[in-house]
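K.L.:
First, the structure itself, so that you have it in front of you.
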Amino acid sequence: MRGVGGIRRTSARAWRGGLGSILVTTFKKTPFTVNVRDIVNRPGEMREHRLDLEAPEAFGEGIVAVRQGAPLDLDVRIESVHEGILASVQVSAEAVGECSRCLTDISLPVDVEFQELFAYSSDEAFDYEVHDDHVDLEPLVRDAVVLSLPFQPVCRPDCPGLDPVTGERLAESSVSEPEAPRDSRWAALAGLGESGTGGAAAPGASADSGAGAEPRTEDDRT
4 MRGVGGIRRT
14 SARAWRGGLG
24 SILVTTFKKT
34 PFTVNVRDIV
44 NRPGEMREHR
54 LDLEAPEAFG
64 EGIVAVRQGA
74 PLDLDVRIES
84 VHEGILASVQ
94 VSAEAVGECS
104 RCLTDISLPV
114 DVEFQELFAY
124 SSDEAFDYEV
134 HDDHVDLEPL
144 VRDAVVLSLP
154 FQPVCRPDCP
164 GLDPVTGERL
174 AESSVSEPEA
184 PRDSRWAALA
194 GLGESGTGGA
204 AAPGASADSG
214 AGAEPRTEDD
224 RT
């Protein structure tokens, strides 16, 4: 039974404790749904789509996430197979948040790919189904993006973090001031000091040299 506003309604009766209840499932088309009517039950047929969408809500609950309304670029390839529709999707987006070490603002590119089969009929072996000749990619895109986000994002791999005493960013506080250039006029004086120090004889040097000389003979004295 089909309802209004593009919503498809199906009902099934389930018995619990002798009482009947109506189970109603709904399918609503969204910007993430792709029409596959022209390839349903036509194995081998394939279509490609480019979707420029916005995140309907924040993807991610940690210190980094794809914010609500952020652009999402989807490259979609759908292929008809015997069991259903095989969707191959590549998602590109940008996540923003804070560095887990120094708490500075960061932005991270998100590039993730996934592949999923949408079955024609209800089967416990498949998690997703083709509804009203459409496949809904939103839950798959959300899960793929969230799982790709780092648990502890950093602004750079060698970020030193915060000083445990001052709480300042070590990356900023540890920067040393550049050394002032030396005046070339002092170079000559420095050279003189080094040469004077090196030219002085060590104490006891003359005694050592005298001890090593040959003894004088009596002929030498005359």
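Residue numbers for the sequence shown follow our numbering, so the first one is 4 and each next one is one higher.
Beta carbons are placed, not taken as given, at the ideal position from N, Cα and C, and that holds for glycine.
Can you tell me whether D76 is buried or exposed? The criterion is at least 16 other CB atoms within 10 Å of its CB, across all chains shown.
P.N.:
In the sequence shown, the residue the question calls residue 76 occupies position 73. Exposed, by the Cβ-count rule.
K.L.:
For the structure I just gave you, are there three or more beta carbon pairs, one from the segment 124–137 and one from the segment 107–114, closer than 8 Å?
P.N.:
no
K.L.:
In this structure, does DSSP put D106 in helix, strand or coil?
P.N.:
Locating residue 106 in the sequence shown gives position 103, where the first residue counts as 1. Per the sequence shown, the amino acid found at residue 106 is Leu instead of Asp. Per DSSP, reduced to three states, the secondary structure at L106 is coil, with no helix or strand assignment.
K.L.:
Given a cut-off of 8 Å, decide if V148 and I88 are closer than it, judged by their beta-carbon atoms.
P.N.:
For this step, residue 88 is matched to residue 85 along the sequence shown. For this step, residue 148 is matched to residue 145 along the sequence shown. For I88 and V148, no; Cβs fall outside 8 Å.
K.L.:
Given that a residue counts as buried once 16 or more other Cβ atoms are within 10 Å of its Cβ, and exposed if not, what is M4?
P.N.:
Position 1 of the sequence shown holds residue 4. With a pLDDT of only 39 at M4, under the threshold of 50, the placement of this residue in the model should not be trusted; the figure read from the coordinates follows. Under this definition M4 is an exposed residue.
K.L.:
Which runs of the beta strand (DSSP E), 3 residues or longer, sit entirely within the segment 61–148?
P.N.:
74–83, 87–101, 108–122 and 137–139
K.L.:
Confirm, please, whether the CB-CB distance from T33 to E141 is below 8 Å.
P.N.:
Residue numbering aside, residue 141 sits at position 138 when the sequence shown is read from its first letter. Residue numbering aside, residue 33 sits at position 30 when the sequence shown is read from its first letter. Yes, Cβ-Cβ distance for E141 and T33 is below 8 Å.
K.L.:
L173 to I66, Cα distance in whole Å?
P.N.:
Working through the sequence shown from its first residue, we reach residue 173 at position 170. Working through the sequence shown from its first residue, we reach residue 66 at position 63. If I take the Cα positions, the gap works out to 20 Å.
K.L.:
Tell me the rounded alpha-carbon separation between A61 and G170.
P.N.:
The count along the sequence shown starts at 1 and reaches residue 61 at position 58. The count along the sequence shown starts at 1 and reaches residue 170 at position 167. One C-alpha to the other measures close to 30 Å.
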